[in-house]
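Numbering (our numbering), first residue to last: 89 to 167.
Glycine is no exception: its CB is placed at the ideal position from the N, C-alpha and C atoms.
Quantities reported herein were computed from a predicted structural model and do not represent experimental measurements.
Comments concern the structure below.
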Ligand SMILES: [Zn+2]
């Protein structure tokens, strides 16, 4: 699996909509690839935050953009 394949499946992975063999492939790629793992962590935090603050399943695009921007800043900030 390469990065575009992995990113394409990231949402399905987070939504647990992948087949077991695809889950294995995505996990293997995330272990190998820091870039995709960063994206995965950010998306995972985003989904967790949306679930915390929204009753809706889908966040509005504007809210999504704001949260992802915030998460990326947190993520990139030096500790
Ligand atoms: Zn990758």
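- Message: For ligand 1, is there any heavy atom lying closer than 8 Å to the beta carbon of residue 117?
- Response: Taking the chain shown and counting its residues from 1, the one referred to as residue 117 is at position 29. At a cut-off of 8 Å, the beta-carbon of residue 117 counts as near ligand 1: some heavy atom of the ligand is closer than that.
- Taking DSSP as the reference, what is the three-state secondary structure of residue 119? Along the chain shown, read from residue 1 onward, the residue named residue 119 stands at position 31. Residue state, collapsed to three classes: helix.
- Item | Residue burial classification, residue 91 (beta-carbon count within 10 angstroms, cutoff 16) | Here residue 91 refers to the residue found at position 3 when the chain shown is read from its first residue. When all chains shown are included, residue 91 counts as exposed.
- Task: Closer than 7 Å by C-beta to residue 133: which residues in its own chain qualify, once you throw out the five before and the five after it? Chain order, please.
- Result: Translated into positions along the chain shown, residue 133 becomes position 45. Result list for residue 133: 159, in chain order.
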